[in-house]
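This report concerns only the one structure given below.
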Amino acid sequence: MGEGLPQQVEPRGGEGSGAWFGILGSLAVVIGGRQVSITATKQRIVLTTLLLHVNQYVSGERLIEHIWPDEMPRDAQAALRTHIARLRQVLGDDQGGAGLIRTRDHGYLIELGGADIDVVQFRDLVGRAGLAADADTEISLLHQALALWRGPALADVPSEPLRRVHADGLDEERMRALERWLELGLLAGRHEQLVGELKTASASHPLRERLWGQLMLALYRCGRQAEALQAYRTIGSLLREELGVDPGDELRHLHQSILHADPALLLPAYAPSSAGEPLSVSMPGAEVPAAEPSPAALAGPPHPAELPADTAGFTGRVSEVERLRRTLTSHGQAPVITISGVGGVGKSTLATHVAHRVSSHFPDGQLYVNLHGATPDVKPLDPHEALARFLRSLGVADSAIPPEVDEAAARFRSLIDGKRMIVVLDNARDIAQIRPLLPGSGSSAVLITSRRMLASLDGSSHEQLDVLSEAEARTLLGNLIGAVRVQAESRAAARVIELCEGFPLAIRIAAARLVSRPEWPIRPFADRLALEHHRLAELQIDDRAVRATFQVSYQDLLEGADGIGAARMFRLLSLLEGPDVGVRAAAAAGGISTDAAQRLLDRLADVHLINTNVVDRYSMHDLLRLFARERAQQEESDQAREQAVRRVLHSYLSTARSATDLTPSAGWRTELAPQSLTYPGEALTSSDEVTTWINGEIRNLVAAVAQATRLDDDGPALAVALAAALDTPLDRRGRWRDELAVAERAAEAAHRSGDPLHQGISYTDLGWTKVRVGRLAEGIADLSQAVEAYDRIGALERQPGPLSGLAVAYRQLGDFEQAIRYHSDLLVLNRQLGSRFNEAATLTNLGLVYQSVGRYDEAIEAHTRSAAILEEIGEREARVDPLGKLAESHRQAGDPQRSIVCFEQVLAVDEAEGHTGTYWQAEHLWGLGRALNDLDEQEEAQDCWRRAAAILHTLRLITTDEFNEIQAWPGPHPPKVIALNL
1 MGEGLPQQVE PRGGEGSGAW FGILGSLAVV IGGRQVSITA TKQRIVLTTL LLHVNQYVSG
61 ERLIEHIWPD EMPRDAQAAL RTHIARLRQV LGDDQGGAGL IRTRDHGYLI ELGGADIDVV
121 QFRDLVGRAG LAADADTEIS LLHQALALWR GPALADVPSE PLRRVHADGL DEERMRALER
181 WLELGLLAGR HEQLVGELKT ASASHPLRER LWGQLMLALY RCGRQAEALQ AYRTIGSLLR
241 EELGVDPGDE LRHLHQSILH ADPALLLPAY APSSAGEPLS VSMPGAEVPA AEPSPAALAG
301 PPHPAELPAD TAGFTGRVSE VERLRRTLTS HGQAPVITIS GVGGVGKSTL ATHVAHRVSS
361 HFPDGQLYVN LHGATPDVKP LDPHEALARF LRSLGVADSA IPPEVDEAAA RFRSLIDGKR
421 MIVVLDNARD IAQIRPLLPG SGSSAVLITS RRMLASLDGS SHEQLDVLSE AEARTLLGNL
481 IGAVRVQAES RAAARVIELC EGFPLAIRIA AARLVSRPEW PIRPFADRLA LEHHRLAELQ
541 IDDRAVRATF QVSYQDLLEG ADGIGAARMF RLLSLLEGPD VGVRAAAAAG GISTDAAQRL
601 LDRLADVHLI NTNVVDRYSM HDLLRLFARE RAQQEESDQA REQAVRRVLH SYLSTARSAT
661 DLTPSAGWRT ELAPQSLTYP GEALTSSDEV TTWINGEIRN LVAAVAQATR LDDDGPALAV
721 ALAAALDTPL DRRGRWRDEL AVAERAAEAA HRSGDPLHQG ISYTDLGWTK VRVGRLAEGI
781 ADLSQAVEAY DRIGALERQP GPLSGLAVAY RQLGDFEQAI RYHSDLLVLN RQLGSRFNEA
841 ATLTNLGLVY QSVGRYDEAI EAHTRSAAIL EEIGEREARV DPLGKLAESH RQAGDPQRSI
901 VCFEQVLAVD EAEGHTGTYW QAEHLWGLGR ALNDLDEQEE AQDCWRRAAA ILHTLRLITT
961 DEFNEIQAWP GPHPPKVIAL NL
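Numbering (full-length UniProt numbering), first residue to last: 1 to 982.
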């Protein structure tokens with residue numbers, strides 16, 4: 001399909017760069033009409049990375065990761081700048097090529113028009129093909145798109161990170177376009193010409209069943225049945241040898257049809273698809289357009305064809321479409337399927353699209369009715385009126401339609417009995433509305449759409465529809481306003497997609513507004529959408545509006561049992577700023593029992609106003625949240641809204657204090673105001689329960705501290721109290737990134753309040769956490785502020801906290817004399833204060849200093865004394881820290897065998913004390929690995945390092961690149977976070 005560069009490069013008028021770039025194959029560059037060779041591999045990597053993110057800034061860090069994935073030079077930024085400068089020289093100053101690359105804020109951008117790079121041209125052509133109204137146009141556009149490919153994507157770009165992230169995806173886009181082009185050729189009867197192309201394609205991609213099915217069909221239509229059957233045996237053997245699986249249903253059905261010489265296989269025909277969905281080749285189970293009816297047939301029974309037109313630009317929903325298609329066309333009794341979801345998510349569009357796709361399997365016709373169960377300002381359709389419409393469509397005169405619902409339903413069932421029809425009941429309100437409209441026999445299929453789940457409908461299948469994925473949403477927007485326009489303003493387009501949240505209705509409204517103003521840049525529109533109080537107002541055009549769609553669901557919610565309570569719960573949940581909510585937090589918001597809250601949450605989930613993806617966790621889409629907040633502003637008083645939020649925060653605080661109470665030395669953290677709480681929390685009684693609670697609530701807890709800072713009166717004090725109660729449970733589990741987020745918000749609140757005690761507590765926690773993660777200069781500054789705050793109020797008993805953090809920071813900076821001096825003074829102070837826990841912590845940290853300077857005997861003694869003190873005072877959970885440090889001291893002292901014994905013992909303690917999956921377990925696994933490595937037990941050592949890396953990655957204490965590097969090439973040198981703390 002075309003090798004080499006396009007014959008002409010035509011820059012976009014006005015915006016053209018005089019340059020053309022290709023990455024669909026080997027890297028190709030044309031500047032001012034001449035081909036430019038980029039010979040330096042690192043320059044090819046830089047240019048390809050920029051082209052893959054055309055018109056978007058790429059950080060220097062990302063470019064460095066792509067150029068030097070294994071080991072970067074000492075001054076990687078300077079080396080990168082050198083490569084950028086040389087690349088600009090190669091592109092050439094005289095033809096304007098060098099001006100394409102821009103620099104800003106340590107990032108780089110290449111600015112091109114859509115016609116200046118092959119990948120954008122390809123996607124634009126494929127998108128236009130998907131909207132083509134006839135087969136010839138679609139075939140032509142796909143042919144042009146495929147002709148842009150000159151080989152595998154990024155063929156000569158030697159960067160594994162680039163190839164891993166981008167190349168496979170690009171090649172998959174090519175294959176989908178190729179399969180579609182081949183399919184159209186088969187539908188047009190070009191099987192003889194396509195056999196060679198299909199043999200080449202299936203040989204190049206031997207595990208793509210669709211290609212093999214197309215090859216089998218082409219061979220069969222050429223009269224080469226034996227070769228078609230041999231092709232099936234070949235793919236069957238390949239799948240079993242490579243993957244251990246048999247061919248899929250489609251291929252098996254096609255095989256059976258070829259064996260039985262099914263005449264349907266010889267009926268190639270084109271069926272227009274304005275939605276751009278793949279057309280089925282004429283396999284069993286796929287759509288075969290009905291033949292033109294004869295005059296005799298026209299005189300026969302009515303053949304209703306009532307489906308609305310399929311939606312132009314139908315995008316995505318590939319798995320849903322295929323799942324529904326298979327269910328509707330499978331052998332046996334025709335199904336009843338309910339598609340449910342929130343308003344604006346595309347239920348009706350999907351149902352109509354699927355019904356069109358399968359209509360040829362239902363030769364007796366298609367019945368359709370909009371039941372207006374959720375249509376703004378329209379009364380739901382009465383079941384009798386819907387039946388009357390169906391009966392008229394089936395040839396019953398108005399005078400013969402029974403006046404009662406039961407009689408009309410019986411007449412409908414009689415007329416449809418034995419017929420192969422598809423019935424679409426769109427926009428159903430409830431089961432009572434649709435039950436009379438269901439056929440009595442299993443010969444006809446029914447597709448129902450509703451905002452309610454209709455779970456009690458006997459014998460039905462259920463498809464719950466959620467919003468589009470980001471990729472689907474981007475494709476939809478590109479189909480509606482043009483892929484070139486989306487690519488030219490890719491960042492603004494991505495922002496529009498993000499703010500529309502994948503709601504097809506919202507994206508279509510946004511697209512319609514942009515199409516109606518072709519002179520508008522996308523960015524100003526995205527900026528208006530970003531304003532929360534404007535967003536719903538912006539998402540309306542003509543008679544379509546997101547707000548009106550949600551309003552119908554809200555009004556419907558008010559009716560029936562628990563309706564008023566469920567609507568109030570919907571309003572109050574929108575006031576919380578966390579990403580989801582549990583049953584207890586919902587109960588707190590409503591000031592009701594957890595049983596009552598569960599009932600109301602179930603009601604909201606049934607009508608898809610909230611989502612539930614995990615047991616007892618509920619979330620709300622942002623657009624719905626904005627709508628619910630509007631309702632709360634109008635229907636709840638200021639006092640009621642604040643009280644709801646405060647009850648939730650008090651519940652979180654109560655639970656956090658319960659978690660902290662499990663650590664005796666941290667008891668002072670539960671004594672801060674407020675003490676009189678308006679809603680109880682959970683009573684946590686074990687470390688495992690604390691871990692489970694934190695894992696489920698951590699994002700909500702971070703948001704809760706931030707939200708508390710904005711409350712009037714005691715809001716800042718509440719933020720500090722909640723952060724203080726969370727600090728120990730988070731620290732003990734090594735969740736330092738989360739601890740840092742909480743501490744930062746608490747420090748802001750303390751600074752705002754001006755309370756020295758709050759400032760001392762918050763800056764201590766913030767500084768300590770920064771020291772943990774290696775932000776030493778910032779940590780020292782925060783800890784120094786804490787010392788000064790405590791000095792102002794004479795809180796000597798609080799000073800060991802920040803002073804200990806400063807001592808650790810000095811050790812990490814390599815100032816061991818200063819660190820020993822601080823720790824020695826702290827030992828004296830802690831003994832004066834009678835703080836045995838702080839004495840033990842100081843001994844552990846002092847032992848690390850001794851360890852750093854090679855005084856191993858003193859290090860071992862310090863760690864041993866620390867562990868003994870913690871055992872004496874009942875702080876068994878905290879023993880894991882000095883015990884792990886003790887094991888490492890033995891290793892560094894040259895006794896790996898004893899180190900292994902100690903590490904195995906502390907890992908057993910980790911498990912017994914609920915430290916599985918924590919930083920401490922990762923630290924101990926890494927240490928055990930190094931001790932094993934010292935004894936040349938490399939396989940066992942690498943297993944330890946990989947397990948440790950998995951924990952650290954989950955805790956976000958190492959990057960994905962660090963994790964991947966350790967998994968691929970584990971070695972004894974620890975990640976930075978362990979090196980700082982071990």
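Ideal Cβ placement from N, Cα and C applies to all residues, glycine included. Here the structure is a predicted model, which means the values were calculated and not measured.
Exercise for the section: Would you list the residues sitting across from Leu-425 in a DSSP beta bridge? Expected result: Here residue 425 is taken as the residue at index 425 of the sequence shown, counted from 1. Its beta-bridge partners are Val-369 and Ile-448.
Handout entry: His-608, DSSP secondary structure in three states
Key = Taking the first residue of the sequence shown as position 1, residue 608 is located at position 608. Reduced to three states, the DSSP call for His-608 is coil.
Problem - Length at least 3, wholly inside the region 36-115: the beta strand (DSSP E) runs in chain order - result: 101-104 and 107-110
Problem - Run of the beta strand (DSSP E) containing Arg-180, from where it starts to where it stops - result: On the sequence shown, position 180 is the one that residue 180 refers to. First-last for Arg-180: 168-187, but that is the alpha helix (DSSP H), not the beta strand (DSSP E).
Handout entry: From His-608, Val-583, Val-607 and Asp-606, residue whose alpha carbon lies closest to that of Ala-596
Key = Taking the first residue of the sequence shown as position 1, residue 596 is located at position 596. Among His-608, Val-583, Val-607 and Asp-606, the Cα nearest to that of Ala-596 is on Val-583.
Practice task
Determine, using beta carbons only, whether Arg-547 and Glu-636 come nearer to each other than 8 Å.
Solution key: Along the sequence shown, read from residue 1 onward, the residue named residue 547 stands at position 547. Along the sequence shown, read from residue 1 onward, the residue named residue 636 stands at position 636. Not in contact: Arg-547 and Glu-636 (Cβ atoms no closer than 8 Å).
Exercise for the section: Jot down the residue ranges of each uninterrupted beta strand (DSSP E) in the region 853-920, minimum 3 residues, whole runs only, in chain order. Expected result: none
Exercise for the section: Mind the definition here: the region 432-448 touches the region 324-337 only if three or more C-beta pairs lie below 8 Å; say whether that holds. Expected result: yes
Handout entry: Beta-carbon proximity list for Phe-903, same chain, < 7 Å, skipping 5 on both sides
Key = As a working mapping, residue 903 is identified with position 903 in the sequence shown. Within the same chain, Phe-903 has close Cβ partners Ala-887, His-924, Gly-927, Leu-928 and Ala-931.
Exercise for the section: Taking only the alpha-carbon atoms, compute the straight-line gap between Arg-568 and Gln-633 and give it to the nearest angstrom. Expected result: For this step, residue 568 is matched to residue 568 along the sequence shown. For this step, residue 633 is matched to residue 633 along the sequence shown. Looking at the two C-alpha atoms, the distance is approximately 12 Å.
Practice task
Kindly list the residues whose CB is nearer than 8 Å to the CB of Cys-944, restricted to its own chain and excluding five residues on each side of it in sequence; keep chain order.
Solution key: Here residue 944 corresponds to residue number 944 of the sequence shown, with the count starting at 1. Within the same chain, Cys-944 has close Cβ partners Leu-925, Trp-926, Leu-928, Gly-929 and Leu-932.
Handout entry: Identity of the residue in Asp-712, Arg-513 and Ile-509 nearest Leu-544 by Cα
Key = The residue you call residue 544 lines up with position 544 of the sequence shown. In the sequence as displayed, the identity of residue 544 is Arg instead of Leu. Among Asp-712, Arg-513 and Ile-509, the Cα nearest to that of Arg-544 belongs to Ile-509.
Problem - Start-end ranges of the alpha helix (DSSP H) lying completely within the region 824-852, minimum 4 residues - result: 836-852
Handout entry: Nearest-angstrom Cα separation, counted from Leu-457 out to Glu-250
Key = For this step, residue 250 is matched to residue 250 along the sequence shown. For this step, residue 457 is matched to residue 457 along the sequence shown. When rounded, the distance between both Cα atoms is 30 Å.
Exercise for the section: Could you have a look at Phe-314 and say whether DSSP puts it in helix, strand or coil? Expected result: The count along the sequence shown starts at 1 and reaches residue 314 at position 314. Reduced to three states, the DSSP call for Phe-314 is coil.
Practice task
Give the straight-line distance between the Cα atoms of Gln-892 and Arg-898, rounded to the nearest whole angstrom.
Solution key: To locate residue 892, count along the sequence shown from 1; it is residue 892. To locate residue 898, count along the sequence shown from 1; it is residue 898. Between Gln-892 and Arg-898, the C-alpha separation is close to 11 Å.
Handout entry: Residues that Thr-764 bridges to, as DSSP identifies them
Key = Here residue 764 refers to the residue found at position 764 when the sequence shown is read from its first residue. Per DSSP, none; premise fails for Thr-764.
Exercise for the section: Using 10 angstroms around the beta-carbon of Pro-882, count the other beta-carbons present and answer buried if the total reaches 16, otherwise exposed. Expected result: Residue mapping note: residue 882 aligns to position 882 of the sequence shown, counting from 1. Label assigned to Pro-882: buried.
Practice task
In angstroms with no decimal places, state the Cα-to-Cα distance between Leu-141 and Glu-306.
Solution key: Numbered from its first residue, the sequence shown carries residue 141 at position 141. Numbered from its first residue, the sequence shown carries residue 306 at position 306. So the two alpha carbons sit approximately 32 Å from each other.
Problem - Distance between Leu-776 and Val-977 (C-alpha atoms, nearest Å) - result: Along the sequence shown, one-based indexing puts residue 977 at 977. Along the sequence shown, one-based indexing puts residue 776 at 776. Cα to Cα, the separation comes out at about 12 Å.
Exercise for the section: Output the distance between the C-alpha atoms of Ser-274 and Gly-25, rounded to the nearest integer angstrom. Expected result: For the purposes of this step, residue 274 is taken as residue 274 along the sequence shown, with counting starting at 1. For the purposes of this step, residue 25 is taken as residue 25 along the sequence shown, with counting starting at 1. Below a pLDDT of 50, predicted positions are generally treated as unreliable, and Ser-274, at 31, falls in that range; the measurement from the model is reported next regardless. If I take the Cα positions, the gap works out to 30 Å.
Handout entry: In DSSP terms, what Ile-541 is bridged to
Key = Here residue 541 refers to the residue found at position 541 when the sequence shown is read from its first residue. Answer by DSSP bridge pairing, in chain order: Arg-544.
Practice task
Enumerate in chain order the residues of its own chain whose CB-to-CB distance from Pro-436 is below 6 Å, with the five nearest sequence positions on each side excluded.
Solution key: For this step, residue 436 is matched to residue 436 along the sequence shown. If we look at Pro-436 and ignore the five residues flanking it on each side, its Cβ neighbours are Pro-383, Val-405 and Ala-409.
Handout entry: Alpha-carbon to alpha-carbon, Gln-799 and Glu-501
Key = By one-based count along the sequence shown, residue 501 stands at place 501. By one-based count along the sequence shown, residue 799 stands at place 799. Those two C-alpha atoms are separated by around 48 Å.
Problem - CA-to-CA distance, Glu-913 to Arg-23, given in whole angstroms - result: By one-based count along the sequence shown, residue 23 stands at place 23. By one-based count along the sequence shown, residue 913 stands at place 913. Checking the sequence shown, residue 23 turns out to be Ile, not Arg. So the two alpha carbons sit approximately 54 Å from each other.
Problem - alpha helix (DSSP H) segments (min. 4 residues) lying fully within the region 632-706 - result: 638-660
Problem - Alpha-carbon to alpha-carbon, His-353 and His-303 - result: As a first step, residue 303 must be located in the sequence shown, where it is residue number 303. As a first step, residue 353 must be located in the sequence shown, where it is residue number 353. Approximately 20 Å between the Cα atoms of the pair.
Problem - Val-484, enclosing beta strand (DSSP E) - first and last residue - result: Here residue 484 refers to the residue found at position 484 of the sequence shown. That residue, Val-484, is in no beta strand (DSSP E); its alpha helix (DSSP H) goes 483-488.
Exercise for the section: Starting from the Cα of Ile-67, find the closest Cα among Ala-40, Gln-89, Gly-92 and Thr-137 and give me that residue. Expected result: Translated into positions along the sequence shown, residue 67 becomes position 67. Considering only alpha carbons, the answer is Ala-40.
Exercise for the section: Give the DSSP-derived three-state secondary structure of Phe-525 in the structure shown. Expected result: Numbered from its first residue, the sequence shown carries residue 525 at position 525. Helix.
Handout entry: Exposure label - His-608; buried when at least 16 CB within 10 Å
Key = In the sequence shown, the residue the question calls residue 608 occupies position 608. By the neighbour-count rule (16 or more Cβ atoms within 10 Å), His-608 is buried.
Practice task
Provide the residue(s) that pair with Ala-305 in DSSP beta bridges, ordered along the chain.
Solution key: The residue labelled residue 305 in the question sits at position 305 within the sequence shown. Answer is Gln-366.
Problem - Burial state of Asp-556 (16 or more Cβ within 10 Å) - result: Along the sequence shown, one-based indexing puts residue 556 at 556. The residue in question, Asp-556, is buried, as its Cβ has 16 or more Cβ neighbours within 10 Å.
Practice task
Take the Cβ of Ala-721 as the centre, count every other Cβ of all protein chains shown within 10 Å, and call the residue buried at 16 or more, exposed below.
Solution key: Within the sequence shown, residue 721 is the residue found at index 721, counting from 1. Ala-721 comes out buried.
Handout entry: Whether Leu-391 touches Arg-420 by CB criterion (8 Å)
Key = By 1-based counting over the sequence shown, the position of residue 391 is 391. By 1-based counting over the sequence shown, the position of residue 420 is 420. No. Outside cutoff.
Practice task
Please name the residue, chosen from Asp-171, Asp-713 and Val-484, that lies closest to Pro-674 on a Cα-to-Cα basis.
Solution key: Counting from one through the sequence shown, the residue named residue 674 turns up at place 674. Comparing Cα-Cα distances from Pro-674 to each of Asp-171, Asp-713 and Val-484, the minimum goes to Asp-713.
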